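Mapped onto our numbering, the consecutive letters of the sequence shown carry residue numbers 38 to 302. Each residue gets a CB set at the ideal place from its N, CA and C atoms; glycine is no exception. Computed from a predicted structure; not experimentally measured. Worksheet for the structure shown next.
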Amino acid sequence: MAPRRTRTTARDRSRRVLSQNFLADPAALRRMVDAARPDPDGLVLEVGAGRGQLTRPLAARCGRVVAYEVDPDAGVELARVCAALPTVTHRQVDFLTVTPPREEFAVVGNIPWSLTAAVVRWCLAAPTLRSATLMTQWEYARRRAGDYGRWTRLTVLTWPEFEWRLAGRVPRAAFRPVPRVDAGILRVDRRARPLLAPQTLPAYRRMVELGFGGAGGSVAASLARQYPRARLAAALRAGRLAPDTPVGHVWPEQWLALHRLLHAR
38 MAPRRTRTTA
48 RDRSRRVLSQ
58 NFLADPAALR
68 RMVDAARPDP
78 DGLVLEVGAG
88 RGQLTRPLAA
98 RCGRVVAYEV
108 DPDAGVELAR
118 VCAALPTVTH
128 RQVDFLTVTP
138 PREEFAVVGN
148 IPWSLTAAVV
158 RWCLAAPTLR
168 SATLMTQWEY
178 ARRRAGDYGR
188 WTRLTVLTWP
198 EFEWRLAGRV
208 PRAAFRPVPR
218 VDAGILRVDR
228 RARPLLAPQT
238 LPAYRRMVEL
248 GFGGAGGSVA
258 ASLARQYPRA
268 RLAAALRAGR
278 LAPDTPVGHV
288 WPEQWLALHR
298 LLHAR
């Protein structure tokens, strides 16, 4: 007997395209809001608001919420939820097309996992962003936060201005429909005071890009393409880094130290 074929609905296709896995567990929702630490008087942009599961507890903890949801099916229910919350505004629009507000704000969201990189880029580029608390795939959150003892280029590049940390793990069973993997709560905070002076940031970024450029795989082999070997060797010794240390194993604080030593006048 041939296997029975089930009809694929527009809603099923939308869920696949948008990677929609809605938070259904009350404890997970509380953990997400607690990790976000919303300002009681501040503005929160919620990305991927879905049907408003996270919107309600956010509205109870912060001054104003603008809830973005691009999926029209979920948006119908979200509109009803927002209509009952006087401090919440519903926007049926693609969050990635939105211009950041001029005032300080935070981003919170159980984001579509297929759009994680794009949402993170939007947040990092927003001049008035104060923090972003995002539900991502567990592996993504761990990589960005250095939880494996390895660090990604994006984390190291932005470290002088942003702190990245892992704020918790959420089991896959907390979502509907249930995804294949667990989720992680990733928290990105803009530093009140950058770790480097603004005029030195371009040189720092060029050094990090050179380091992650792939030549040789080690920090010494990568940086030796531009920096004098004797000076580089001295900087590595001062930073207590073995020359054969893989680039991804160099901690952000060590990159900062290398920058100061290699660019000291």
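Check your understanding: Which parts of the region 155-190 are runs of the alpha helix (DSSP H), unbroken and 4 residues or longer, counting only runs that do not cross its ends?
Key -> 175-181
**Study point:** Status (buried if at least 16 other CB within 10 Å, exposed otherwise) for LEU133
**Key:** Around the beta carbon of LEU133, fewer than 16 other beta carbons lie within 10 angstroms, which makes this residue exposed.
Check your understanding: Can you tell which of ALA272, GLY285, ARG139, ARG227 has the C-alpha that lies nearest to the C-alpha of GLY253?
Key -> That would be GLY285, whose Cα lies nearest to the Cα of GLY253.
Review point. Does the region 236-251 touch the region 140-149, meaning 3 or more C-beta pairs lie closer than 8 Å?
Key: no
Point to revise | Run of the beta strand (DSSP E) containing HIS127, from where it starts to where it stops | key: 125-128
Point to revise | Beta-carbon separation (whole angstroms), THR195 vs TYR177, contact threshold 8 Å | key: With a Cβ gap of about 15 Å, THR195 and TYR177 do not count as contacting.
Review point. With distances taken from CA atoms, which of LEU171, PRO164, ARG167, THR165 is nearest VAL157?
Key: LEU171
Exercise for review: Would you decide whether ASP108 is buried or exposed? Buried here means 16 or more other CB atoms lie within 10 Å of its CB.
Suggested key: buried
Review point. Could you check where the alpha helix (DSSP H) with TYR264 kicks off and where it finishes?
Key: Unbroken run through TYR264: none, as it is neither H nor E.
Check your understanding: PHE212 bridges to which residues according to DSSP?
Key -> LEU60
Check your understanding: Beta-carbon separation of CYS119 and VAL125 under 8 Å?
Key -> yes
Exercise for review: Less than 8 Å between the CB atoms is what I'm expecting for GLY87 and GLN57, so what's the real figure, rounded?
Suggested key: About 7 Å separates the beta carbon of GLY87 from that of GLN57, a gap short enough to meet the 8 Å contact definition.
**Study point:** ALA65 to VAL218 span [Cα, whole Å]
**Key:** 15 Å
Exercise for review: Measure the Cβ-Cβ separation of LEU282 and SER255 and say whether it is below 8 Å.
Suggested key: Here residue 282 turns out to be Thr, not Leu, going by the sequence shown. Yes; because the gap between Cβ atoms is below 8 Å, this pair is in contact.
Check your understanding: Would VAL287 be called buried (16 or more neighbouring beta carbons within 10 Å of its own) or exposed?
Key -> buried
Point to revise | Beta-carbon gap between ALA73 and ALA116 smaller than 8 Å | key: no
Point to revise | Spatial distance of LEU232 from LEU166 (CA atoms) | key: 17 Å
Exercise for review: Provide the residue(s) that pair with ALA104 in DSSP beta bridges, ordered along the chain.
Suggested key: GLU83, HIS127
**Study point:** CB of GLU21 within 8 Å of CB of ARG230, strictly
**Key:** Here the chain has residues from 38 to 302 only, and residue 21 is not among them.
Practice item. Buried or exposed for PRO138, please, with buried defined as at least 16 other CB atoms from any protein chain shown within 10 angstroms of its CB. Key: exposed
Review point. Under 8 Å between the Cβ atoms of GLY205 and THR173?
Key: No, the Cβ-Cβ distance between GLY205 and THR173 is not below 8 Å.
Point to revise | Whether ARG181 touches LEU223 by CB criterion (8 Å) | key: yes
**Study point:** Backbone secondary structure at VAL70 - three-state DSSP
**Key:** helix
Check your understanding: Which residue or residues does DSSP assign as beta-bridge partners of ILE222?
Key -> MET172, GLY205
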